[in-house]
Structures are given as structure tokens and as C-alpha cells.
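Numbering (the numbering used here), first residue to last: 23 to 247.
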């Protein structure tokens with residue numbers, strides 16, 4: 023089974039997807055982390071703005087490698103294993119910008135499809151159920167009120183020792199929403215057959231339990247006679 027989880031930033035997509043994968047024994051693939059790895063690579067080279075024409079040249083030495091560790095994917099750029107550096111706000115914001123570049127999207131979507139083609143995966147992102155795996159058996163679209171998303175992201179960053187403010191996070195989320203919804207290639211859209219999960223008043227364990235219940239209803243559904 024392929025479980026596709028799409029939705030807005032700050033709704034708990036990745037944490038929920040990770041938890042669902044752990045319960046089911048599936049591989050969790052965080053597509054956003056792949057774009058953040060590309061953003062980190064450019065950031066390390068001192069590149070701070072998107073140049074559509076020069077990006078292929080700037081990314082010519084971008085060697086992304088994905089390894090599996092239990093139910094989680096581990097990302098490497100070259101020999102560098104990436105982790106917490108991908109969660110920095112400036113990397114996330116830059117990733118949102120470069121994710122609109124068709125050349126990069128095509129490259130990473132091909133890799134995402136390769137990783138998930140055999141099933142047994144939970145993949146989260148912005149276009150998993152609409153573009154990457156439009157025939158996924160279970161599609162989930164996550165949303166939440168902006169105030170709840172801001173508070174969730176604020177607490178998450180504080181726990182990681184990253185200093186920020188509610189105002190800065192709100193501005194970042196509004197900008198990311200606008201970019202995600204208006205980009206010409208693979209904009210953020212709810213798949214027609216997706217189950218909607220509003221996480222405004224839910225805890226992470228509650229979110230995980232709901233998606234697992236939906237998945238198990240399909241896994242254990244009686245076969246048509």
C-alpha cells in the first residue's frame with residue numbers, strides 16, 4: 023500500500039507520517055526533506071536566490087543518496103548525512119522557493135516514485151496524492167487553522183533550540199502557503215478522493231491513530247468475491 027499525505031506546512035504532516043509508518047512497519051519518505059536537502063546544498067555554496075536558468079549548473083554536483091534505517095529514510099548529500107540542519111527556517115523557506123523550479127521537481131519526483139513504487143510506504147509532501155502517486159490507495163489531506171499551525175511550529179523550533187517569534191513564523195507560513203498554492207508546477211491541491219484531516223484541535227497521537235485506522239480499514243477490507 024502507498025499512503026500519500028499532503029497538506030499545509032505546520033499541520034504535523036511529517037510527524038504523523040512518521041508515526042503511521044512506525045505502526046504499520048512501512049518506510050516513511052519525507053519528500054519535503056529532499057527539497058530541503060537541495061536548498062541546503064545551494065545554501066552551503068552561498069546561493070540565496072533562485073536563478074531558473076543557472077540552477078541546473080548550480081546543482082550539477084548535487085548527489086542525493088537515500089538510505090533506509092528501520093522505517094525512516096536517511097538523506098545524504100555526497101558523504102554528508104543531513105539531519106537537524108534541514109529543519110532550520112531559512113532552509114525551509116528557500117526549499118519552498120526552489121521547489122517551484124520544474125527541472126528540480128522532475129528530478130526529485132522521479133526519485134520519489136522510484137523509492138515508493140513497490141509500496142509499503144508513507145510519503146508526505148504537497149503533491150504526493152495529486153502528482154507523485156495519484157493512484158495511492160490512501161490519500162490524506164491535512165489542514166489546520168493558521169494560529170494552531172504557528173503555535174505548533176513555534177514549539178517545534180524551540181524544542182530544537184532555534185530562537186524565533188510567533189510573528190516571524192506566521193509570516194513564513196503565509197508566504198509558503200502562497201507559493202505552494204500559486205506555483206505553476208504541481209501546486210498544493212487536495213486530491214478529489216483524499217480524506218481530509220483537520221488537525222487544529224488534535225494531538226499528534228490522535229492524528230496518527232486516525233490515519234492508521236483509515237489505512238487498516240483498507241488493508242483488512244474483505245476482498246471482492
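Here a beta-carbon is modelled for each residue, glycine too, at the ideal position from N, C-alpha and C.
- Residue 176 and residue 102 have their alpha carbons spaced roughly 28 Å apart.
- The continuous alpha helix (DSSP H) containing residue 115 extends over residues 111-120.
- Beta bridge pairing from DSSP links residue 29 with 164.
- Judged by pairs of C-beta atoms under 8 Å, the stretch 162-181 touches the stretch 210-222, as three or more such pairs exist.
- The C-alpha of residue 184 lies about 12 Å from the C-alpha of residue 191.
- Distance from the CA of residue 205 to the CA of residue 196, rounded to the nearest whole angstrom, comes to 14 Å.
- Taking all protein chains shown into account, residue 83 has fewer than 16 neighbouring C-beta atoms within 10 Å of its C-beta and is therefore exposed.
- According to DSSP, residue 242 shares a beta bridge with no other residue.
- Counting the other Cβ atoms within 10 Å of the Cβ of residue 32 gives 16 or more, which makes it buried.
- Bounds of any beta strand (DSSP E) do not take in residue 106, whose DSSP letter is neither H nor E.
- The shortest C-alpha to C-alpha distance from residue 178 to any of 27, 88, 226, 157 is the one to 226.
- Taking a contact as a CB-CB distance under 8 Å, the pair residue 146 and residue 217 does not count as one, their CB atoms being some 14 Å apart.
- The closest CA to that of residue 94, considering only 236, 114, 77, 55, is found on 55.
- Only residues of its own chain outside the window of five on either side were considered, and among them 23, 25, 42, 46, 160 have a CB closer than 8 Å to the CB of residue 237, listed in chain order.
- Between residue 99 and residue 59, the C-beta gap is smaller than 8 Å, which places the two residues in contact.
- Residue burial is scored here from C-beta neighbours: residue 71 has fewer than 16 other C-beta atoms within 10 angstroms and is therefore classed as exposed.
- The alpha-carbon of residue 229 is positioned some 32 Å away from that of residue 124.
- Of the other Cβ atoms in all chains shown, 16 or more fall within 10 Å of the Cβ of residue 150; this residue is therefore buried.
- Boundaries of the beta strand (DSSP E) around residue 217: 217-220.
- A distance below 6 Å between beta-carbons, with the five flanking residues on each side excluded, links residue 234 to the following residues of its chain, in chain order: 42, 45.
- It is roughly 32 Å from the alpha-carbon of residue 111 to the alpha-carbon of residue 157.
- In this chain, the alpha helix (DSSP H) harbouring residue 192 covers 188-204.
- It is roughly 10 Å from the alpha-carbon of residue 137 to the alpha-carbon of residue 90.
- Around the Cβ of residue 29, a 10 Å sphere holds 16 or more other Cβ atoms; the residue is buried.
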